[in-house]
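At position 231 of the sequence shown (counting the first as 1) the number is 427 in the numbering used here, and the numbers step up by one without a gap. A virtual CB, placed ideally from N, CA and C, is assigned to each residue, including glycine. One structure is given here, and the rest of the page talks about it.
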Amino acid sequence: MGTSLEDILASGRTGRAAVMGILNVTPDSFSDGGEFFDPAAAVVHALRLVAEGADIIDIGSESTRPGSERVPPAEQIRRIEPVLPEVAKLDTIVSIDTTRHEVAEFALDAGAAIVNDVSAGRDDPEILPLAAARGAAVVLMHMLGQPKTMQQAPHYDDVVGEVRAFLASRLAAAEAAGVPRGRCIVDPGIGFGKLLPHNLALLLGVGSLTDLGVPVLVGPSRKRFIGEIAGADDVGRRLGGTIAACLAARAGGATIFRAHDVADVAQALAVADAIRAARGA
Ligand code: HH2
């Protein structure tokens, strides 16, 4: 692996890129729903993502795609129970993608080190204090509304400014709950209550988020906006767009990239970084 959690938390300063591989243990995720619902298949996929160069494996057991229904915490835990402890044995950092403290607690007990909360601590007031007590790192993501309704006419006057202000206020909330700023990561939430122009403005505006002083994570992987631009209805055929979006965010200073296609995204980042480094050579 070679990348530690401390390296990742310092990446806002060092600029070092990291890839977060996606492992959805769900029957209904938008691009890989059902593929890794079987625990054995999920563990095999995690092994593959690590071999492909994932620095982090982000395990989710509740789809947050537009229109999705909530999954009770007990069912989320039932889904990850046979998977997460096995993934934690691998040479990788485990992240739990949940908004519920019961699920985060189970995951942290089983070896996770990062809580990836797409509600940035708003869904469950106990999740940030839990992360603080456990010394976990936290991803604070921007979302307008809730997954069930978030794509129904989202509106912003200044999307980058509003997302930045939201993330600043959630960083303050995390700090108030006891999570040091040095253990926080922010994410503009590509596709979460955003239309195409909003997603494009945010990918272009990553540089306005990096000055919050914590690493910026982006998750454009296979998302709908790529299909809207390129006419790629098949979610499995959005790799080119995913890479383009990651590289645009990389140019703005993002350092953590949440992706399904780990090997290809890691290769693209490595080449883009090498070209940038050659400028100074
Ligand atoms: N996107 C998804 C889920 N979790 N977490 C962060 N921090 N950032 C993201 O952009 C993000 C996320 C949605 O993608 P996916 O997990 O592939 O689908 P689903 O929610 O349908 O399981």
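Buried versus exposed, by CB contacts within 10 Å (16 or more), residue i
i      : result
Val458 : buried
Lys285 : exposed
Asp429 : exposed
His394 : buried
Gly331 : exposed
Pro376 : exposed
Ala306 : buried
Arg209 : exposed
Ser200 : exposed
Glu258 : buried
His297 : buried
Ser417 : buried
His351 : exposed
Leu340 : buried
Leu205 : buried
Nearest-angstrom Cα separation, counted from residue j out to residue i
i      : j      : result
Ile310 : Leu336 : 11 Å
Ile471 : Ala464 : 11 Å
Ala373 : Arg475 : 43 Å
Phe302 : Ala250 : 23 Å
Leu304 : Ala242 : 18 Å
Gly449 : Ala468 : 12 Å
Ala236 : Ala300 : 22 Å
Phe362 : Val239 : 35 Å
Thr222 : Ile252 : 19 Å
Arg366 : Ile425 : 31 Å
Contact test: residue i Cβ vs the ligand ADP heavy atom, cutoff 7 Å
i      : result
Met337 : Absence of the ligand ADP is noted for the structure shown, with the ligand HH2 being the only ligands found.
Start-to-end residues for the beta strand (DSSP E) that takes in residue i
i      : result
Leu219 : Ala214 to Asn220
Leu336 : Ala333 to Met337
Ser404 : Note, Ser404: premise wrong, no beta strand (DSSP E); alpha helix (DSSP H) at Val402 to Thr406.
Ser291 : Ile289 to Asp293
Val311 : Ile310 to Asp313
Val467 : Where Val467 is concerned, there is no enclosing beta strand (DSSP E), although the alpha helix (DSSP H) it sits in stretches over Val458 to Arg475.
Val382 : Cys380 to Asp383
Ile452 : Ile452 to Ala455
Boundaries (first-last residue) of the alpha helix (DSSP H) holding residue i
i      : result
Ala237 : Pro235 to Ala247
Gly256 : Segment Ile252 to Gly256 is the beta strand (DSSP E) holding Gly256; no alpha helix (DSSP H) there.
Candidates the options: closest to residue i by CA position
i      : options                           : result
Ala328 : Gly217, Ala370, Arg266 and Leu219 : Ala370
Val410 : Arg379, Glu271 and Cys442         : Arg379
Met216 : Ala473, Cys442, Gly448 and Ala447 : Cys442
Ala247 : Ala473, Ala462 and Ala466         : Ala462
Val314 : Glu202, Phe233 and Gly389         : Gly389
Thr294 : Leu396, Pro416 and Pro343         : Pro343
Ala397 : Lys419, Glu282 and Val359         : Val359
Asp234 : Thr260, Leu280 and Val356         : Leu280
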